[in-house]
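Take a look at the structure set out below.
There are 2 protein chains.
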Amino acid sequence: MSNINEIAKLAGVSRATVSRVINSKGYVKEETRQKVQKVVDDLDYTPNQNAIYLKNGETKTIGLVSPDFSDILSHFLSSFATIAKKYGYQVTLLLTDYHQESEIEAFQKLKQKQIDGIFQIVRSNEWEVIEKYSKYGPIVTWQRVTSPKIESVFMDHYEGFKLGLDHLYEKGHREIVPFFGIEKSLNTVARYKAWQDFCQEKGVALQAEKSRYNLHTSTEGRELARWWEAEKEKPTALLFPTDNVAVGFLAEARERGISVPKDVAVVGFDNSSIAELFNLTTIDYPMHLQAENAFFKLYNQLKHKNLPLHPLSFKLITRGTT
Amino acid sequence: MSNINEIAKLAGVSRATVSRVINSKGYVKEETRQKVQKVVDDLDYTPNQNAIYLKNGETKTIGLVSPDFSDILSHFLSSFATIAKKYGYQVTLLLTDYHQESEIEAFQKLKQKQIDGIFQIVRSNEWEVIEKYSKYGPIVTWQRVTSPKIESVFMDHYEGFKLGLDHLYEKGHREIVPFFGIEKSLNTVARYKAWQDFCQEKGVALQAEKSRYNLHTSTEGRELARWWEAEKEKPTALLFPTDNVAVGFLAEARERGISVPKDVAVVGFDNSSIAELFNLTTIDYPMHLQAENAFFKLYNQLKHKNLPLHPLSFKLITRGTT
DNA sequence: TTGTATGCGTTATCAG
DNA sequence: CTGATAACGCATACAA
Chain A
33 MSNINEIAKL AGVSRATVSR VINSKGYVKE ETRQKVQKVV DDLDYTPNQN AIYLKNGETK
93 TIGLVSPDFS DILSHFLSSF ATIAKKYGYQ VTLLLTDYHQ ESEIEAFQKL KQKQIDGIFQ
153 IVRSNEWEVI EKYSKYGPIV TWQRVTSPKI ESVFMDHYEG FKLGLDHLYE KGHREIVPFF
213 GIEKSLNTVA RYKAWQDFCQ EKGVALQAEK SRYNLHTSTE GRELARWWEA EKEKPTALLF
273 PTDNVAVGFL AEARERGISV PKDVAVVGFD NSSIAELFNL TTIDYPMHLQ AENAFFKLYN
333 QLKHKNLPLH PLSFKLITRG TT
Chain B
33 MSNINEIAKL AGVSRATVSR VINSKGYVKE ETRQKVQKVV DDLDYTPNQN AIYLKNGETK
93 TIGLVSPDFS DILSHFLSSF ATIAKKYGYQ VTLLLTDYHQ ESEIEAFQKL KQKQIDGIFQ
153 IVRSNEWEVI EKYSKYGPIV TWQRVTSPKI ESVFMDHYEG FKLGLDHLYE KGHREIVPFF
213 GIEKSLNTVA RYKAWQDFCQ EKGVALQAEK SRYNLHTSTE GRELARWWEA EKEKPTALLF
273 PTDNVAVGFL AEARERGISV PKDVAVVGFD NSSIAELFNL TTIDYPMHLQ AENAFFKLYN
333 QLKHKNLPLH PLSFKLITRG TT
């Protein structure tokens, strides 16, 4: 279509001047600036990004590698993309569908100069395979990893879950049942371990048969309220995998006349905005800051800067449901 | 890093020859081919895609524009990406989060030569705004649209839903309750209209209060089984928004000793693979073919070809649940 | 304040 | 079968 040459010719200036106008860089007399701008507007000209990428040797784009559309991804992405944009970067989603080859393809984009860095939610290939790509650009992951080449923004959910359990114990509860999200995820494993250790430490019985996995929606939370009501030996406190599930429970409980926390105490997880609306005691999980840190780590490597990172820790937010 | 020049120097040949080896194009003596290949392997060389894109004037990439991660998107994407790959195209996901400006940014990529064409699930901007971008590359959409510039693979769900309702009527059912997916979606509106028209045509009562919206998961299907069981005036037939929801109903029904289709007839929607496993009567919704058509339409415009399109129509698949 | 010249890394045409 | 050379569209150092 139209290129910088054409604009230059029509405006009666050199390509360099057109470039200066487009990028508002360097000195341009206001008069010529307007002249050039008019031609740009008239021809509806937009620079060819591939030429710019090639010239600059960077794409100002970060690849976000994930095996699928998860709930985490969607939250993470929005925080990550926002902070990235603030620093002039775009984010492109690279879905692998749990295929190792697709993941390799994503990393190849780093090598092929299509993206400047990668943030990886969950890996499919071995770390040794992934590590090799770090020489083509920075790689940061959400998972726990001990590699000098790959940085991480991992948070140990063991700590967070423990916070909730201890809080309920202090409130006098001895019949605590926790629920979990994705069964095989490392975070669920860590949370489960916290439960195990808690039971052993406090000498209370771990009633595994009452717990459940793969809970995500508020609809499922509602269902749990019906389950609790029907249960003969009712637990006195429940610890939910997300605020979302917890508020489903609260909504159904309210409709059924179950009194929280009198009949049963409820603790959520995430401290999402809905938690406050339901006056829900929850564990603050600073995913937003985690996403910012992830970007900062990439940016620091890319631009040899030293932007400070947010300190990350789980926090108990005590509200009215305990 | 290493570029084609370096390879050429080390292999003692010209850039042109290296290019021929890399792309297996043109004549190269086997001996020199091997010599070059060795250097390529040794240096772990990969061509810079931006240079290739610039040179070729195309990226062999289609942008898939969607406002969010929907269930539809995930299914559509996998079919679409598969057929695209077969023709040498990649697919990149462009999420707009329902923001008009984000959608514009996605279309800008067409203008900036970052993608060759666009498939759009659901628009946020007016068609007049979107149309303007069609001069930079082909645009195909999943929605209904009458524009000479934008092609569509729209299917009217009215037809499909009608098929299910008529089938149940023929089987003698007069107490039919349909359920729906996303409340405001155009497809839901079309399905609802089919229900209205059906009731009027057959002279049966439309019991809107028994129906429900926003049903997606099999867990929600299970819940509907419990609802049905508790209901005093039980409908004799149910029409579900997706097979997924329907099989949840079937699973729960089985556990509760509800007999299908004796106690209640069940019809799904989509004819997904799970439908066959549950011997579920359903409406075949050829999304896979729709995705292929979407790509073919883009490809035909891009390459001035004339690949034939699949004929698209809803089909009733009668199985054991009616 | 503006223009000239050069290079980013690749492919394709044309000669040899 | 191979190499020199000219694009692709842009940004920038340097000169003017």
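Chains as they are written, first to last, in this note's numbering: chain A, 33 to 354; chain B, 33 to 354.
Glycine is no exception: its CB is placed at the ideal position from the N, C-alpha and C atoms.
message: Out of Leu197/A, Val299/A, Asn303/A, Arg286/A, which one is the CA nearest neighbour of Glu233/A?
response: The residue labelled residue 233/A in the question sits at position 201 within the first sequence. Checking every option, the nearest Cα to that of Glu233/A belongs to Leu197/A.
When Ile315/A, Arg47/A, Leu42/A, Asn55/A are compared against Leu200/A, the one with the closest alpha-carbon: If you number the first sequence from 1, residue 200/A lands on position 168. The residue among Ile315/A, Arg47/A, Leu42/A, Asn55/A with its C-alpha nearest the C-alpha of Leu200/A is Ile315/A.
task: Determine which residues of the segment 76–96 of chain B have a Cβ less than 8 angstroms from any Cβ of chain A, and write them out in chain order.
output: For the segment 76–96 of chain B, which is checked against every Cβ of chain A, the residues closer than 8 angstroms are Thr78, Pro79, Asn80, Gln81, Asn82, Ala83, Tyr85, Leu86, Thr91.
message: Taking 8 angstroms as the threshold (beta carbon to beta carbon), is Glu255/B in contact with chain A?
response: Taking the second sequence and counting its residues from 1, the one referred to as residue 255/B is at position 223. Taking Cβ atoms only, chain A reaches closer than 8 angstroms to Glu255/B, which makes this a yes.
- prompt: Are Val277/A and Thr353/A touching if we call contact CB-CB under 8 angstroms?
  reply: Along the first sequence, read from residue 1 onward, the residue named residue 277/A stands at position 245. Along the first sequence, read from residue 1 onward, the residue named residue 353/A stands at position 321. Here Val277/A is not near Thr353/A, since their CB atoms are 8 angstroms or more apart.
message: Is there a Cβ of chain B sitting closer than 8 angstroms to that of Glu324/A, yes or no?
response: Translated into positions along the first sequence, residue 324/A becomes position 292. It does not; no Cβ of chain B falls within 8 angstroms.
query: What's the C-alpha gap between Asn332/B and Asn88/A?
result: The sequence position of residue 332/B within the second sequence is 300, counting from 1. The sequence position of residue 88/A within the first sequence is 56, counting from 1. Those two C-alpha atoms are separated by around 34 angstroms.
message: Just to confirm the assignment: which complete alpha helix (DSSP H) runs, minimum length 4, are found wholly within the segment 67–94 of chain A?
response: Correct list: 81–88.
- request: Indicate whether Gln132/A and Lys92/A have their beta-carbon atoms separated by less than 8 angstroms.
  value: By one-based count along the first sequence, residue 132/A stands at place 100. By one-based count along the first sequence, residue 92/A stands at place 60. For Gln132/A and Lys92/A, no; Cβs fall outside 8 angstroms.
- prompt: Beta carbon of Leu247/A, beta carbon of Gly213/A: below 8 angstroms?
  reply: For the purposes of this step, residue 247/A is taken as residue 215 along the first sequence, with counting starting at 1. For the purposes of this step, residue 213/A is taken as residue 181 along the first sequence, with counting starting at 1. Cβ atoms of Leu247/A and Gly213/A: closer than 8 angstroms.
query: Which residue from Asp295/B, Phe328/B, Thr251/B puts its Cα closest to that of Asp275/B?
result: On the second sequence, position 243 is the one that residue 275/B refers to. When each option's Cα is compared against that of Asp275/B, the closest is Thr251/B.
- prompt: Mind listing which residues of the segment 249–274 of chain B have their C-beta closer than 8 angstroms to chain A's C-betas, in chain order?
  reply: Correct list: Thr249, Thr251, Glu252, Glu255.
- request: Spell out whether any CB of chain A is found under 8 angstroms from the CB atom of Thr124/B.
  value: Here residue 124/B refers to the residue found at position 92 when the second sequence is read from its first residue. Judged by the 8 angstroms Cβ criterion, Thr124/B is in contact with chain A.
query: According to the neighbour-count rule (16 or more other Cβ atoms, all chains shown, within 10 Å of its Cβ), is Lys335/A buried or exposed?
result: Position 303 of the first sequence, counted from the start, is the residue given in the question as residue 335/A. Flag for Lys335/A reads exposed.
field: Sufficient close CB pairs (3 or more, under 8 angstroms) joining the segment 279–286 of chain B to the segment 253–261 of chain B
entry: Segment contact: the segment 279–286 of chain B against the segment 253–261 of chain B, three or more CB-CB distances shorter than 8 angstroms; contact assigned.
field: Segment limits, beta strand (DSSP E) that includes Asp316/A
entry: Counting from one through the first sequence, the residue named residue 316/A turns up at place 284. For Asp316/A, the enclosing beta strand (DSSP E) covers residues 314–316.
message: Taking 8 angstroms as the cut-off, does the segment 147–157 of chain B touch the segment 166–182 of chain B (at least 3 CB pairs, one atom from each stretch)?
response: By the criterion of at least three beta-carbon pairs nearer than 8 angstroms, the segment 166–182 of chain B is in contact with the segment 147–157 of chain B.
message: Is there a C-beta anywhere in chain B that falls below 8 angstroms from the one on Phe101/A?
response: Your numbering for residue 101/A matches position 69 in the first sequence. Using a Cβ-Cβ cut-off of 8 angstroms, Phe101/A counts as an interface residue toward chain B, since at least one Cβ of chain B sits closer than that to its own.
- prompt: Mind pulling the chain A residues with CB within less than 8 angstroms of Gln140/B?
  reply: Counting from 1 along the second sequence, the entry for residue 140/B is found at position 108. In chain order: Thr78.
task: Return the chain-ordered ranges of every beta strand (DSSP E) run that is complete within the segment 134–213 of chain B and spans a minimum of 3 residues.
output: The beta strand (DSSP E) runs lying completely inside the segment 134–213 of chain B and spanning 3 residues or more are 149–152, 171–173, 208–210, given in chain order.
- prompt: Which value, in whole angstroms, describes the spacing of the CA atoms of Gln144/A and Thr124/B?
  reply: The residue you call residue 144/A lines up with position 112 of the first sequence. The residue you call residue 124/B lines up with position 92 of the second sequence. Annotation: Gln144/A to Thr124/B spans about 16 angstroms, alpha carbon to alpha carbon.
- request: With DSSP collapsed to three states, give me the class of Lys347/B.
  value: As a working mapping, residue 347/B is identified with position 315 in the second sequence. Looking at Lys347/B - three-state DSSP - the assignment turns out to be strand.
message: Taking 6 angstroms as the limit between beta carbons, can you name the residues of its chain near Ile115/A, skipping five residues before and five after?
response: Reading the first sequence from its first residue, position 83 is the one you call residue 115/A. Answer for Ile115/A: Glu324, Phe327, listed in chain order.
query: Starting from Gln122/B and walking both ways along the beta strand (DSSP E), at which residues does that stretch end?
result: Walking along the second sequence from the start, residue 122/B turns up at place 90. Boundaries of the beta strand (DSSP E) harbouring Gln122/B: 122–127, taken from the DSSP string.
field: Rounded separation between Ser34/B and Leu86/A - CA only
entry: Here residue 34/B corresponds to residue number 2 of the second sequence, with the count starting at 1. Here residue 86/A corresponds to residue number 54 of the first sequence, with the count starting at 1. Looking at the two C-alpha atoms, the distance is approximately 14 angstroms.
- request: Label Trp259/A either buried or exposed according to how many other C-beta atoms from any shown protein chain fall within 10 Å of its C-beta, with 16 as the threshold for buried.
  value: Taking the first residue of the first sequence as position 1, residue 259/A is located at position 227. Trp259/A comes out exposed.
- prompt: Of the residues Ser56/A, Asp148/A, Glu241/A, Asn37/A, which one's Cα is nearest the Cα of Arg47/A?
  reply: By one-based count along the first sequence, residue 47/A stands at place 15. When only C-alpha atoms are compared, the closest one is Asn37/A.
query: Along chain A, in chain order, which residues have C-beta atoms closer than 8 angstroms to that of Gln146/B?
result: In the second sequence, the residue the question calls residue 146/B occupies position 114. In chain order: Gln81, Asn82.
- prompt: Which first and last residues belong to the beta strand (DSSP E) in which Ala297/B is found?
  reply: As a position in the second sequence, residue 297/B is number 265, starting the count at 1. Taken as a continuous stretch (DSSP letters only), the beta strand (DSSP E) holding Ala297/B covers 297–299.
task: Let me know if Leu339/B comes out buried or exposed under the rule of 16 or more other beta-carbons within 10 Å of its beta-carbon.
output: Reading the second sequence from its first residue, position 307 is the one you call residue 339/B. Leu339/B comes out exposed.
field: Selection of the segment 318–348 of chain A by Cβ proximity to chain B, strictly under 9 angstroms
entry: Listed in sequence order: no entries.
field: Residues of its chain near Ala285/B, where Cβ-Cβ distance is below 7 angstroms and the 5 sequence neighbours each way are ignored
entry: Working through the second sequence from its first residue, we reach residue 285/B at position 253. Excluding sequence neighbours, Ala285/B sits near Ala257, Val292.
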